[in-house]
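Following: one structure in C-alpha cells, then a few remarks.
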Amino acid sequence: MSERVTPSAEAARALRDIERRRGQARAADQESRWVSVVFGVAIFAELAAPDFFGDGVRSWIGLAVAVLGCAYVLMLRTPRGGALLGRPTRLRKDELSPRFVWLARLAILAVMLIGPFGLRFLPHAPFPYTRTVVGAVLGATLIIFGRNLQRALTSLALRRDNKDGLGGATYGSR
Numbered sequence: 468m469s470e471r472v473t474p475s476a477e478a479a480r481a482l483r484d485i486e487r488r489r490g491q492a493r494a495a496d497q498e499s500r501w502v503s504v505v506f507g508v509a510i511f512a513e514l515a516a517p518d519f520f521g522d523g524v525r526s527w528i529g530l531a532v533a534v535l536g537c538a539y540v541l542m543l544r545t546p547r548g549g550a551l552l553g554r555p556t557r558l559r560k561d562e563l564s565p566r567f568v569w570l571a572r573l574a575i576l577a578v579m580l581i582g583p584f585g586l587r588f589l590p591h592a593p594f595p596y597t598r599t600v601v602g603a604v605l606g607a608t609l610i611i612f613g614r615n616l617q618r619a620l621t622s623l624a625l626r627r628d629n630k631d632g633l634g635g636a637t638y639g640s641r
C-alpha cells in the first residue's frame, strides 16, 4: 500500500522548505568576522592617531579610511568581492522596507552634514586621549557586536507587508 501525499501536506512541506532556505539566506547575508575587525581597527586608528602623532596625521588617516570604505563598497558590488567579504547573497531591493531606506538615507545625510561641523562646536575634551578612549570603545563595539548589530539592522530593513503572504523576505543570489 503506497502512501498518497495530499496537496495540503505537500504545500506545508514546500512552505517549510521556503522558510528553511530563507533562514539559510539570512545566515549567509552576514559578513565575515574579519570585516568587523578591520573596520573596528580602522575606526580606532582614525580617532586615536591624532592623540599619538599630532593633528597633521588627520588628513592621511582620513584618506586611508575613505579608501578602505570605497574598496568595501566596490567589493560589495561584485559577486567575487561579496563572497570574499562573506556575503554570497544579499537582500533584493524590492524586499526592503521603504521607510527603513528613507530613514537610513536621512541618517547618512545627517552624519555627512553634521560630522565635519559638529566637532568644532563641542568643547575641548575634559581629559587627555579622549579620542583614543572613544575610538577604543567604538572599535571594540564593532568588533565584538558587529554581527549582532548587522543582524538587527537586517531585521529592521525587511519589508513586513509581503505581497505573497508568506511573511519575511526573499533573497536573491548575486
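Residue numbering for the sequence shown follows my numbering, starting at 468 and increasing by one per position.
By construction, the Cβ of each residue, glycine as well, lies at the ideal position given by its N, Cα and C atoms.
Assigned secondary structure, residue i (DSSP; H/G/I helix, E/B strand, else coil)
| i | result |
| --- | --- |
| LEU625 | strand |
| PRO552 | Rather than Pro, the amino acid found at residue 552 in this sequence is Leu. Correct three-state label for LEU552: coil. |
| TYR539 | helix |
| SER499 | coil |
| GLU513 | helix |
| ARG566 | helix |
| THR608 | helix |
| GLU477 | helix |
| VAL504 | helix |
| PHE594 | coil |
| VAL532 | helix |
Alpha helix (DSSP H) segment containing residue i, residue limits
| i | result |
| --- | --- |
| ASP561 | Careful: ASP561 lies outside any alpha helix (DSSP H) and carries neither H nor E. |
With 16 other Cβ atoms within 10 Å as the buried cut-off, status of residue i
| i | result |
| --- | --- |
| ILE611 | exposed |
| ARG471 | exposed |
| ILE510 | buried |
| PHE506 | buried |
| ARG554 | buried |
| GLY602 | buried |
| GLY639 | Note that GLY639 scores 48 on pLDDT, short of 50, meaning its location in the model is unreliable and no value can be drawn from it. |
| GLY523 | exposed |
| LEU536 | Rather than Leu, the amino acid found at residue 536 in this sequence is Gly. With fewer than 16 other Cβ atoms within 10 Å, it is exposed. |
| LEU609 | buried |
Option in the options with minimal Cα separation from residue i
| i | options | result |
| --- | --- | --- |
| PHE594 | ASP518, TRP569, ALA531 | ASP518 |
| TYR596 | GLU513, LEU576, TRP527 | GLU513 |
| SER503 | LEU616, THR621, LEU625, LEU623 | LEU616 |
| PRO565 | ALA624, VAL534, ARG614, GLY548 | ALA624 |
| VAL599 | LEU541, GLY521, ARG488 | One detail in the question is off: residue 599 reads as Thr in this sequence, not Val. Considering only alpha carbons, the answer is GLY521. |
Whole-number beta carbon distance between residue j and residue i, since they are thought to touch under 8 angstroms
| i | j | result |
| --- | --- | --- |
| ILE528 | ALA516 | 5 angstroms |
| GLY644 | LEU543 | Past the edges of the chain, shown from 468 to 641, lies residue 644, and the structure says nothing about it. |
| LEU453 | GLU498 | Because the chain here runs from 468 to 641, residue 453 falls outside it and cannot be looked at. |
Short CB-CB distance (under 8 angstroms) between residue i and chain D
| i | result |
| --- | --- |
| ALA515 | No chain D is present in this structure, which holds just one protein chain. |
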